[in-house]
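Remember, the working numbering sits 9 above the position in the sequence shown when you count from 1.
Glycine included, C-beta positions come from ideal geometry on N, C-alpha and C.
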Amino acid sequence: KDAGRLAGLEVLRLLNEPTAAAVAYGLDRRAQGTFAVYDLGGGTFDVSILRLVDGVFEVRSTAGDTALGGDDFDRALAGALLQQISGAVGRDLTADPHAVQAALRAARHAKHELSEREEALAVLEIEGRRFEVEVTRAQFESLIAALVQRTAVACRRALRDAEVEPSQIDGVVLVGGSTRL
10 KDAGRLAGLE
20 VLRLLNEPTA
30 AAVAYGLDRR
40 AQGTFAVYDL
50 GGGTFDVSIL
60 RLVDGVFEVR
70 STAGDTALGG
80 DDFDRALAGA
90 LLQQISGAVG
100 RDLTADPHAV
110 QAALRAARHA
120 KHELSEREEA
130 LAVLEIEGRR
140 FEVEVTRAQF
150 ESLIAALVQR
160 TAVACRRALR
170 DAEVEPSQID
180 GVVLVGGSTR
190 L
């Protein structure tokens, strides 16, 4: 609140992140309901169960994984790209920082493409050579399946802690770029 006031703003109320997401999506206009806010950003994941009663949100539970995010999806794909290219180069590239950075850039680009298409071309420039690797959505999903499963574990924990069954959830708000996957 003090930071807002110092910036010359009139601070009416502070909202926690899940409530702010629910308000941003207009859920506060409903009379009541139970909602899940699934927030999968670049570096962290959390899920919150909110109950709306008479226009007021109550956070019923929060769970997550502070060591899981979209960056992990990038690293999984980058590792697979490096393994494939290492054979063509004749040496292990996974310890080469320049190759790792090139693979991460290519993986991010391919990940974004795969959120809208079934296939993407990962292009890497390593040691003055250009490599093109075709990646399918099915391959990518296979690479990240264990990571996505970790989000499901947190979701079940949040539902259990809120004492809510999945059928009682009236809506889900997806927050963070990696939810496009």
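(message) Which of the three DSSP states is assigned to G73 in this structure?
(response) In the displayed model, G73 falls within a strand according to three-state DSSP.
(request) Would you kindly report the start and end of the unbroken alpha helix (DSSP H) that includes E19? (result) Unbroken run through E19: none, as it is neither H nor E.
(request) Select from G13, R22, D81 the residue whose C-alpha is nearest the C-alpha of G186. (result) Per the Cα distances, D81.
(message) For the alpha helix (DSSP H) containing Q158, name the first residue and the last one.
(response) 146 to 171
(message) Since F54 and A31 should fall inside the 8 Å C-beta cutoff, what is the C-beta to C-beta distance between them, to a whole number of angstroms?
(response) With a Cβ gap of about 17 Å, F54 and A31 do not count as contacting.
(request) Apply the 10 Å Cβ neighbour rule to V46 and answer buried if 16 or more other Cβ atoms are within range, or exposed otherwise. (result) buried
(request) Classify E134 as helix, strand or coil using the three-state DSSP reduction. (result) strand
(request) Please say whether E128 and T103 have beta carbons closer to each other than 7 Å? (result) 7 Å or more divides the Cβ of T103 from the Cβ of E128.
(request) Going by CA-CA distance only, name the one from D105, I135, A116, G51 that's closest to T194. (result) The structure shown has nothing for residue 194, since the chain only spans 10 to 190.
(message) I'd like to check one pair, A115 with A97: are the Cβ atoms closer than 7 Å?
(response) no
(message) Quick check: the Cα distance between L123 and E150, rounded to an integer number of angstroms?
(response) Spanning the alpha carbons of L123 and E150 requires a straight line of approximately 10 Å.
(request) Write down the C-beta distance between I94 and V173 rounded to the nearest angstrom, noting that I regard them as a contact closer than 8 Å. (result) About 46 Å; that fails the 8 Å criterion.
(message) Does K10 pass the burial test, meaning 16 or more other C-beta atoms within 10 Å, or should it be called exposed?
(response) exposed
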